[in-house]
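Going by numbering that gives the first Met the number 0, the sequence shown wraps up at 515, each residue one higher than the last. Take a look at the structure set out below.
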Amino acid sequence: MEDMETKMFFGDAAVFATPMLAVFAVDLTEGKQADPQPALLTANTAITAAAQTLLESGEFKASLGEVALLHAPAGLKAERLLLVGLGKAKDFSLDRIRKGAGAAVRAAKPRSVRNMAIAFPDHGALTSDQIASLSVALTARALVEGAEIAEVDFDIYRSDRKDSEVYSLTLVAADAADATAREMQRNFDEGRIVAAAQNFARSLVNEPGNVLTPTVLGARAKAMCDEAGLKCEVHSSAKLQELKMEAFWAVAKGSAEPPALIVMTYEPKTTPAGAPVIGLVGKGITFDTGGISIKPADGMEKMKYDMAGAAAMIGAMHAIARLKPAVKVIAVVCSAENMPDGRAYKPGDVVTAMSGTTIEIVNTDAEGRLVLADGLHYAKTLGCTHLIDAATLTGACVVALGMINAGLFSNDETACAKFVSALEISGEKYWRLPATDDYRDHIKSEIADIMNTGKNRYGGAISAAMFLKEFAGDTPWVHLDIAGCAWNEEKKPWIAYGPSGIAVRSIVEWVRSYSA
Ligand code: BES
Ligand code: ZN
Ligand code: ZN
Numbered sequence: 000m001e002d003m004e005t006k007m008f009f010g011d012a013a014v015f016a017t018p019m020l021a022v023f024a025v026d027l028t029e030g031k032q033a034d035p036q037p038a039l040l041t042a043n044t045a046i047t048a049a050a051q052t053l054l055e056s057g058e059f060k061a062s063l064g065e066v067a068l069l070h071a072p073a074g075l076k077a078e079r080l081l082l083v084g085l086g087k088a089k090d091f092s093l094d095r096i097r098k099g100a101g102a103a104v105r106a107a108k109p110r111s112v113r114n115m116a117i118a119f120p121d122h123g124a125l126t127s128d129q130i131a132s133l134s135v136a137l138t139a140r141a142l143v144e145g146a147e148i149a150e151v152d153f154d155i156y157r158s159d160r161k162d163s164e165v166y167s168l169t170l171v172a173a174d175a176a177d178a179t180a181r182e183m184q185r186n187f188d189e190g191r192i193v194a195a196a197q198n199f200a201r202s203l204v205n206e207p208g209n210v211l212t213p214t215v216l217g218a219r220a221k222a223m224c225d226e227a228g229l230k231c232e233v234h235s236s237a238k239l240q241e242l243k244m245e246a247f248w249a250v251a252k253g254s255a256e257p258p259a260l261i262v263m264t265y266e267p268k269t270t271p272a273g274a275p276v277i278g279l280v281g282k283g284i285t286f287d288t289g290g291i292s293i294k295p296a297d298g299m300e301k302m303k304y305d306m307a308g309a310a311a312m313i314g315a316m317h318a319i320a321r322l323k324p325a326v327k328v329i330a331v332v333c334s335a336e337n338m339p340d341g342r343a344y345k346p347g348d349v350v351t352a353m354s355g356t357t358i359e360i361v362n363t364d365a366e367g368r369l370v371l372a373d374g375l376h377y378a379k380t381l382g383c384t385h386l387i388d389a390a391t392l393t394g395a396c397v398v399a400l401g402m403i404n405a406g407l408f409s410n411d412e413t414a415c416a417k418f419v420s421a422l423e424i425s426g427e428k429y430w431r432l433p434a435t436d437d438y439r440d441h442i443k444s445e446i447a448d449i450m451n452t453g454k455n456r457y458g459g460a461i462s463a464a465m466f467l468k469e470f471a472g473d474t475p476w477v478h479l480d481i482a483g484c485a486w487n488e489e490k491k492p493w494i495a496y497g498p499s500g501i502a503v504r505s506i507v508e509w510v511r512s513y514s515a
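This is how it looks when you write it as structure tokens:
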């Protein structure tokens, strides 16, 4: 799988020769009026003229992700003109642009269109405040991200896979002032880096448990780090014991596959004394059977994605290595397989985490918080001053938020606010849930300091967060429960079925917000 080649071109889209030129359209109607009013997001009169008849036909409604294709459009150099709907003008956002670019690429694929172009949306084309106020730089970034993410299909294990690669994509923008063009190009380049990192994370999540064991995850992370110029150490059972990571080891010991403790370090050339050190901690359960508290068979195959948090951190480090923010970043990935076995940990066991906290095991299926407990503590001992973790942690989070928003928890308003600001650029959706001390009772144990489940199943995502919070301690910490958002159950016009790569973009942006 070669990466699609993407570039920016400044000039007149009408005279740009390409097999397919995509142009965006919005629906101008506001209420539930009967007839949609599609309007193109371009000031290019030749393109508008070519699309006129189709637009007036009423066939194309410009709903989000809808496409209409015109061959041999009059007055254009392009062989085809593709109209791509972005939905109602009043709902316009950067995220719609990202999805629209994706829909354009995914329309090209089944048609075997290998090379294509997208007309950069002219924000001034319509009188809508929301559209006019969007930054062209962030638009460039959203376009390339959406396109790169959409290009990938996870069908490497299918013998009947059709090659539907799009080889090249050009964003054609009207001539701009030098400074603006440079700013657009810079954001475009950043978008490419971040999207490549997200696709790398997705490719890891797609791998089945028999292929991607903890050891293999470690090897893939190491290979990425070698190529990107990051320091990377991959440890296993002996190191867990040496560090007294009994919580992590408890989960790992039931599997014939050894665990992997993956530590990746990015260090800028210089950082001022007292500068923050960012710690990224990922849950890397390469398969979660539930262990002795075994899961039901139905849907268990999906638990190969229980390392999506780890993949997000490995992906984020790939982007960080290339974007080079002025802040030190250490990623700690805790990878193991959660299996039932004669040597597996059991309900009722008591283990002492690396931090010294004793934990009563109530359910061996609540394994993610155990590996993260030692990962978070270890990151602090490595000098991290700010922590973020990502994990497919609880089914309860999926019950609470569905598959649209991921769960966001934090013990620190500043770190949390920075994360929320990062979402404006990443376009990802998170909804904050509480992790305040009044929930501390959820994890109180009669036997040990804490237990690894809540008292009952109510507020299960919060119980898990409260457990992690014990190990973050006073260190500013953000926790992302991505259980509902890491796997796309349905194909969308802008993204394939399967791994979503969620959290990569937001984590990268959050890290950059600490750059000196
Ligand atoms: N990996 C699962 C979380 C999960 C469950 C993700 C369903 C996606 C869908 C996690 O390890 C787990 O099993 N959590 C348990 C915790 C419970 C035993 C306290 C859960 O959510 O049921
Ligand atoms: Zn589990
Ligand atoms: Zn799990």
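Even glycine gets a Cβ: it sits at the ideal position worked out from N, Cα and C.
message: Does the stretch 132-152 come into contact with the stretch 95-105, if we say contact requires no fewer than three beta-carbon pairs (one atom in each stretch) closer than 8 Å?
response: The stretch 132-152 is in contact with the stretch 95-105.
- prompt: Around the Cβ of residue 157, are there at least 16 other Cβ atoms within 10 angstroms (buried) or fewer (exposed)?
  reply: Position 158 of the sequence shown, counting from 1, holds the residue named residue 157. Classification of residue 157: exposed, given that the 10 Å Cβ count is below 16.
query: DSSP state of residue 202, grouped into three classes?
result: To locate residue 202, count along the sequence shown from 1; it is residue 203. Reduced to three states, the DSSP call for residue 202 is helix.
query: Going by other Cβ atoms of all chains shown within 10 Å of its Cβ, with 16 needed for buried, is residue 509 buried or exposed?
result: As a first step, residue 509 is located in the sequence shown; it is residue number 510 there, counting from the start. By the 10 Å Cβ count, residue 509 comes out buried.
message: Below 8 Å, how does it come out for the stretch 28-40 and the stretch 58-70: are there three or more Cβ pairs, yes or no?
response: The stretch 28-40 makes contact with the stretch 58-70; the number of CB pairs closer than 8 Å reaches 3 or more.
query: Any idea if residue 373 is buried or exposed, counting beta-carbon neighbours within 10 angstroms, 16 or more meaning buried?
result: The count along the sequence shown starts at 1 and reaches residue 373 at position 374. By the 10 Å Cβ count, residue 373 comes out buried.
task: With a cut-off of 5 Å, give the chain-ordered residues whose Cβ is closer than this to any heavy atom of ligand 1.
output: Chain order is used for the residues whose beta-carbon lies nearer than 5 Å to a heavy atom of ligand 1, namely 287, 305, 362, 364, 365, 367, 391, 393, 394, 452, 482.
- request: Determine the DSSP secondary structure at residue 244, reduced to helix, strand or coil.
  value: Your numbering for residue 244 matches position 245 in the sequence shown. Here residue 244 sits in coil by DSSP.
- request: Check whether the Cβ of residue 284 sits closer than 6 Å to any heavy atom of ligand 3, and report yes or no.
  value: Locating residue 284 in the sequence shown gives position 285, counting from the first residue. For ligand 3, at least one heavy atom lies less than 6 Å from the Cβ of residue 284.
message: Taking contact to mean 3 or more Cβ pairs, one atom from each stretch, closer than 8 Å, check whether the stretch 332-350 and the stretch 298-318 are in contact.
response: Taking a contact to require three or more Cβ pairs closer than 8 Å, the stretch 332-350 and the stretch 298-318 qualify as touching.
Rounded separation between residue 450 and residue 288 - CA only: Walking along the sequence shown from the start, residue 450 turns up at place 451. Walking along the sequence shown from the start, residue 288 turns up at place 289. Straight through space, the alpha carbons of residue 288 and residue 450 are spaced by roughly 20 Å.
field: 6 Å Cβ shell around residue 202 - same chain, five flanking residues per side excluded
entry: In the sequence shown, residue 202 corresponds to position 203, counting from 1. Closer than 6 Å at the Cβ level, and outside the excluded window around residue 202, lies no residue.
task: Along the alpha helix (DSSP H) that carries residue 147, what are the first and last residues, could you check?
output: For the purposes of this step, residue 147 is taken as residue 148 along the sequence shown, with counting starting at 1. Taken as a continuous stretch (DSSP letters only), the alpha helix (DSSP H) holding residue 147 covers 135-150.
query: Do residue 277 and residue 331 have their C-beta atoms within less than 7 Å of each other?
result: Position 278 of the sequence shown, counted from the start, is the residue given in the question as residue 277. Position 332 of the sequence shown, counted from the start, is the residue given in the question as residue 331. No, Cβ-Cβ distance for residue 277 and residue 331 is not below 7 Å.
field: the stretch 410-424 contacting the stretch 486-503, beta-carbon criterion three pairs below 8 Å
entry: Inter-segment contact for the stretch 410-424 and the stretch 486-503 is absent: fewer than three beta-carbon pairs are separated by less than 8 Å.
- request: Measure the alpha-carbon distance for residue 311 versus residue 170 and round it to whole angstroms.
  value: Here the question's residue 311 lines up with position 312 in the sequence shown. Here the question's residue 170 lines up with position 171 in the sequence shown. One C-alpha to the other measures close to 28 Å.
message: Can you list, in chain order, the residues of its chain with a C-beta nearer than 6 Å to that of residue 136? Leave out the 5 residues immediately preceding and following it.
response: Residue numbering aside, residue 136 sits at position 137 when the sequence shown is read from its first letter. Exclusion of the five residues before and after residue 136 leaves 182, 183, 186 as the residues of its chain whose Cβ lies within less than 6 Å of its Cβ.
query: Do you know whose CA, among 14, 167, 74, lies nearest residue 173's CA?
result: The count along the sequence shown starts at 1 and reaches residue 173 at position 174. Measuring C-alpha to C-alpha distances from residue 173 to each of 14, 167, 74 identifies 14 as the nearest.
query: Thinking C-alpha only, which one of 448, 250, 391, 268 is nearest residue 564?
result: The question about residue 564 has no answer, for the chain in this structure spans 0 to 515.
query: Okay, do the stretch 496-511 and the stretch 435-443 touch, 3+ Cβ pairs below 8 Å being the bar?
result: The stretch 496-511 is not in contact with the stretch 435-443.
query: Span of the beta strand (DSSP E) holding residue 85?
result: Residue 85 sits at position 86 when you count from the first residue of the sequence shown. Looking at the DSSP string, the run of the beta strand (DSSP E) that includes residue 85 is 79-87.
- prompt: According to DSSP, which residues form a beta bridge with residue 264?
  reply: The sequence position of residue 264 within the sequence shown is 265, counting from 1. 230, 329.
message: On the DSSP bridge list, what partners appear for residue 418?
response: Position 419 of the sequence shown, counted from the start, is the residue given in the question as residue 418. BP columns for residue 418 are empty, so no partner.
- prompt: Is it right to say residue 29 is buried, meaning 16 or more other beta carbons lie within 10 angstroms of its own, or is it exposed?
  reply: In the sequence shown, counting from the first residue as 1, residue 29 sits at position 30. Exposed is the call here.
query: How big is the Cα-Cα spacing for residue 405 and residue 481?
result: Translated into positions along the sequence shown, residue 405 becomes position 406. Translated into positions along the sequence shown, residue 481 becomes position 482. Rounded to whole angstroms, residue 405 to residue 481 spans 5 Å at the Cα level.
field: Cβ neighbours of residue 361 in the same chain (closer than 7 Å, five flanking residues each side left out)
entry: For the purposes of this step, residue 361 is taken as residue 362 along the sequence shown, with counting starting at 1. If the five residues before and after residue 361 are omitted, its C-beta is found closer than 7 Å to the C-beta atoms of 346, 450, 451, 452, all from its own chain and listed in chain order.
query: Opposite residue 409 in the DSSP bridges: which residues?
result: Position 410 of the sequence shown holds residue 409. Looking at the DSSP output, residue 409 sits in a beta bridge with 477.
Cβ-based neighbour list, residue 475, same chain, cut-off 6 Å, excluding 5 preceding and 5 following: In the sequence shown, the residue the question calls residue 475 occupies position 476. Result list for residue 475: 385, 411, 414, in chain order.
task: Within the same chain, show all residues whose beta-carbon is closer than 6 Å to that of residue 87, passing over the 5 residues directly before and after it, in chain order.
output: To locate residue 87, count along the sequence shown from 1; it is residue 88. Answer for residue 87: 26, listed in chain order.
message: Tell me the DSSP secondary structure of residue 518 in three-state form.
response: For residue 518 there is no data in the structure shown, the boundaries of the chain being 0 and 515.
- prompt: Using the C-alpha atoms, what's the distance from residue 7 back to residue 178?
  reply: For the purposes of this step, residue 178 is taken as the residue at position 179 of the sequence shown. For the purposes of this step, residue 7 is taken as the residue at position 8 of the sequence shown. Each residue's Cα considered, the two are about 15 Å apart.
- prompt: Considering only residues of the same chain and omitting the five flanking positions on each side of residue 69, which have a CB-CB separation below 8 Å?
  reply: Stepping through the sequence shown from its first residue, residue 69 is reached at position 70. Within the same chain, and ignoring the five residues on either side of residue 69 in sequence, the residues whose Cβ sits closer than 8 Å to its Cβ are 49, 50, 53, 79, 80, 81, 82.
field: Spatially closest choice to residue 357 from 392, 448, 380, by CA coordinates
entry: For the purposes of this step, residue 357 is identified with residue 358 of the sequence shown, where counting begins at 1. Nearest of 392, 448, 380 to residue 357, Cα basis: 448.
message: So, with DSSP's three-state summary, where would you put residue 44?
response: Locating residue 44 in the sequence shown gives position 45, where the first residue counts as 1. Residue 44 falls in the helix class under three-state DSSP.
query: Considering only residues of the same chain and omitting the five flanking positions on each side of residue 47, which have a CB-CB separation below 7 Å?
result: Within the sequence shown, the letter at position 48 stands for residue 47. The answer, listed in chain order, is 39, 41.
task: Please report the residue range of the beta strand (DSSP E) in which residue 8 lies.
output: Counting from one through the sequence shown, the residue named residue 8 turns up at place 9. First-last of the beta strand (DSSP E) with residue 8: 4-9.
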